[in-house]
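Just so we're aligned: 516 in our numbering is position 286 of the sequence shown, and the numbers increase by one with no gaps anywhere.
We put the CB at the ideal spot given by N, CA and C, even for glycine.
Shown next, in structure tokens, is the structure this report addresses.
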Amino acid sequence: MAEPASSEKVFYESAFGPVSTPNDVFGDEENADIRYKTMSWQVIAFLMIAEIVSNGLLSLPQAMAGVGVVPSIILTIFLGAFGLFTAKILIDFKLNHPGVHSMGDAGYILFGPIGRELLAFGTVAFAIFGTGSELISGQQALSILSENRLCAVYLLLIFSVATLLLSLPRTLGRLTWLGIFSCACIFLCGILAMIAAGANPVPGRVIQITAPNTFYEAFLAITSPVFAYAGHFMFFILISEMERPQDAMKAAWCLQGFSTLFYVIFSVVVYLYIGNVVQSPALLSLPPLWAKITFGVGLTNFLVAGALYSHTAAKLVFVRLFRGTHHIHAHTVKGWVVWVTLCFIAVAIAFILATAVPIFSDLIGIAASLFAAWYTYGIAGFFWLHDAYNRGEKGAELKRRWVGTALAVLTILAGAFICIAGTYVSVKLIITAYQNGQVGRPFSC
Numbered sequence: 231m232a233e234p235a236s237s238e239k240v241f242y243e244s245a246f247g248p249v250s251t252p253n254d255v256f257g258d259e260e261n262a263d264i265r266y267k268t269m270s271w272q273v274i275a276f277l278m279i280a281e282i283v284s285n286g287l288l289s290l291p292q293a294m295a296g297v298g299v300v301p302s303i304i305l306t307i308f309l310g311a312f313g314l315f316t317a318k319i320l321i322d323f324k325l326n327h328p329g330v331h332s333m334g335d336a337g338y339i340l341f342g343p344i345g346r347e348l349l350a351f352g353t354v355a356f357a358i359f360g361t362g363s364e365l366i367s368g369q370q371a372l373s374i375l376s377e378n379r380l381c382a383v384y385l386l387l388i389f390s391v392a393t394l395l396l397s398l399p400r401t402l403g404r405l406t407w408l409g410i411f412s413c414a415c416i417f418l419c420g421i422l423a424m425i426a427a428g429a430n431p432v433p434g435r436v437i438q439i440t441a442p443n444t445f446y447e448a449f450l451a452i453t454s455p456v457f458a459y460a461g462h463f464m465f466f467i468l469i470s471e472m473e474r475p476q477d478a479m480k481a482a483w484c485l486q487g488f489s490t491l492f493y494v495i496f497s498v499v500v501y502l503y504i505g506n507v508v509q510s511p512a513l514l515s516l517p518p519l520w521a522k523i524t525f526g527v528g529l530t531n532f533l534v535a536g537a538l539y540s541h542t543a544a545k546l547v548f549v550r551l552f553r554g555t556h557h558i559h560a561h562t563v564k565g566w567v568v569w570v571t572l573c574f575i576a577v578a579i580a581f582i583l584a585t586a587v588p589i590f591s592d593l594i595g596i597a598a599s600l601f602a603a604w605y606t607y608g609i610a611g612f613f614w615l616h617d618a619y620n621r622g623e624k625g626a627e628l629k630r631r632w633v634g635t636a637l638a639v640l641t642i643l644a645g646a647f648i649c650i651a652g653t654y655v656s657v658k659l660i661i662t663a664y665q666n667g668q669v670g671r672p673f674s675c
């Protein structure tokens, strides 16, 4: 097997023109037993949609009930465009630095060893919390389908085992067809939910064009659309397994375009027919038969999304441990034992958190505020400033491209605002839940 060629140079077109950088993280795979760089931009788009839309779609109608139709639509479209803008910066940064495999690698370039450890930890932590979120969605689906005839903890365990099995392939390319099927399932789930809501409108429902709220109530409602695009943290890992990383922006266009359009249509239709009593996930607001049908269809998406999250957590650590060694590209006992162990640990921690921590759903909000707010929005500004500063004469590019510099600073400030406000809202929500006695018990059915 050929060793990765660390000195080979490749050329890419980025926002700052052609650049020459060290070869990508996986190097030359011509004679490798395990090949990572196999995916097209179309496959990447499917995997992105399977991972992101799963979390965002079903909570948006309740967010619309909180702030009203018009503010919700404006916010969803704005955040979709903002997410596309930051995706462009992340992709450019990856093309400028092909050796970057994860946010941890990017953190090292920006802030040194401390930045690497902090951003790597955040990626793994958020991926595990994302896994736990999908496990809960899967458990809810199984509970609805079984009419709660089996303890929720057992259902969660069953779904966790299935998630673990799907996360075990060493390369994301092995999940291609599952990703495509997962996208089809969440799309069909949304279509069926809209049909069900239209066929069973809630009598006397209240629909508001705008809804007056306090800052806390408003931001609590908009956390769903804010984090409905929270998938950028795994972009570097996905792009690293593309045949042509230069095409990554095509996948980002597909992701943001599809998700934004589908988010708006779904949330408007469901909210207009169900009104202010809509729940999160929205499928719980449908009649029992329709709830079973839609949860059954969406189940595959919850499963694949959970597997993608746990795979991401394991992949970051695995590459960190074995980067530059033959264990990356060869079927070695040590490599496979470590890989399976990492996947197991990721799913096991997610399972324990989902069952043992009654406020886990609220903790997901804190994790999203602390990490996803930066990965999806704020940190892109640092990427742009870094590459612009180091282009040619130090600092000259920042002055010449002052509009981009201003946008980068505003992006950082936006990430900071979302982080602080989201954390405040999530913490206050937890305190209120404890004060009102709304917190359940660990490992309860």
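Across which residues does DSSP place residue i in a beta bridge pair?
i           : result
residue 269 : 472
Using 8 Å for Cβ pairs, my map puts residue i next to residue j. What's the rounded Cβ distance?
i           : j           : result
residue 372 : residue 577 : With a Cβ gap of about 16 Å, residue 372 and residue 577 do not count as contacting.
residue 655 : residue 446 : 6 Å
residue 295 : residue 506 : 5 Å
residue 647 : residue 387 : No, residue 647 and residue 387 are not in contact; Cβ-Cβ is about 39 Å, not under 8 Å.
residue 482 : residue 321 : 6 Å
residue 347 : residue 536 : Rounded, the Cβ-Cβ distance is 26 Å, inconsistent with contact.
residue 461 : residue 303 : Going by Cβ atoms, the distance from residue 461 to residue 303 rounds to 21 Å, so no, they are not a contact pair.
residue 323 : residue 592 : With a Cβ gap of about 32 Å, residue 323 and residue 592 do not count as contacting.
residue 468 : residue 278 : 7 Å
residue 453 : residue 652 : 6 Å
residue 362 : residue 590 : 6 Å
residue 527 : residue 415 : 6 Å
residue 420 : residue 496 : 5 Å
residue 309 : residue 455 : 6 Å
Using beta-carbon positions only, say whether residue i and residue j come within less than 8 Å of one another.
i           : j           : result
residue 427 : residue 516 : yes
residue 404 : residue 569 : no
residue 331 : residue 466 : yes
residue 293 : residue 457 : no
residue 546 : residue 350 : yes
residue 715 : residue 357 : This structure gives no information on residue 715, because the portion of the chain shown stretches from 231 to 675.
residue 572 : residue 544 : yes
residue 531 : residue 280 : yes
residue 524 : residue 423 : yes
residue 254 : residue 337 : no
residue 256 : residue 353 : no
residue 490 : residue 606 : no
residue 301 : residue 501 : no
residue 385 : residue 396 : no
residue 521 : residue 374 : yes
residue 289 : residue 540 : no
residue 299 : residue 439 : yes
residue 628 : residue 615 : yes
residue 325 : residue 492 : no
residue 533 : residue 382 : no
residue 657 : residue 579 : no
residue 504 : residue 435 : yes
residue 634 : residue 486 : no
residue 675 : residue 600 : no
residue 344 : residue 561 : no
residue 389 : residue 360 : no
Under the criterion of a Cβ to heavy atom distance below 7 Å, does residue i qualify as lining the ligand FAD?
i           : result
residue 327 : Ligands displayed in this structure: none; no statement on the ligand FAD is therefore possible.
Is there a Cβ of chain C sitting closer than 8 Å to that of residue i, yes or no?
i           : result
residue 472 : Absent here is chain C; the protein component of the structure consists of one chain.
Please specify which runs of the alpha helix (DSSP H), each continuous and at least 4 residues long, are wholly inside the segment 314-352, giving them in chain order.
none
Which parts of the segment 369-445 are runs of the alpha helix (DSSP H), unbroken and 4 residues or longer, counting only runs that do not cross its ends?
382-397, 406-429
Should the segment 635-647 be regarded as contacting the segment 606-614, the criterion being three or more beta carbon pairs within less than 8 Å?
Because the criterion of three Cβ pairs below 8 Å is met, the segment 635-647 and the segment 606-614 touch.
Would you call the segment 467-478 and the segment 259-274 touching, i.e. three or more CB-CB distances under 8 Å?
yes
Examine the Cβ distances between the segment 476-485 and the segment 251-265 and report whether three or more of them are shorter than 8 Å.
no
Suppose only complete runs of 4+ residues qualify. What are the alpha helix (DSSP H) ranges in the segment 475-535, listed by chain order?
478-504
Threshold first: 4 residues or longer. Then list the alpha helix (DSSP H) segments lying entirely within the segment 576-612, N to C.
Counting only unbroken stretches of 4 or more residues, the alpha helix (DSSP H) elements lying wholly within the segment 576-612 are 590-597, in sequence order.
Alpha helix (DSSP H) runs wholly inside the segment 269-300, at least 4 long, in chain order
271-287, 290-297
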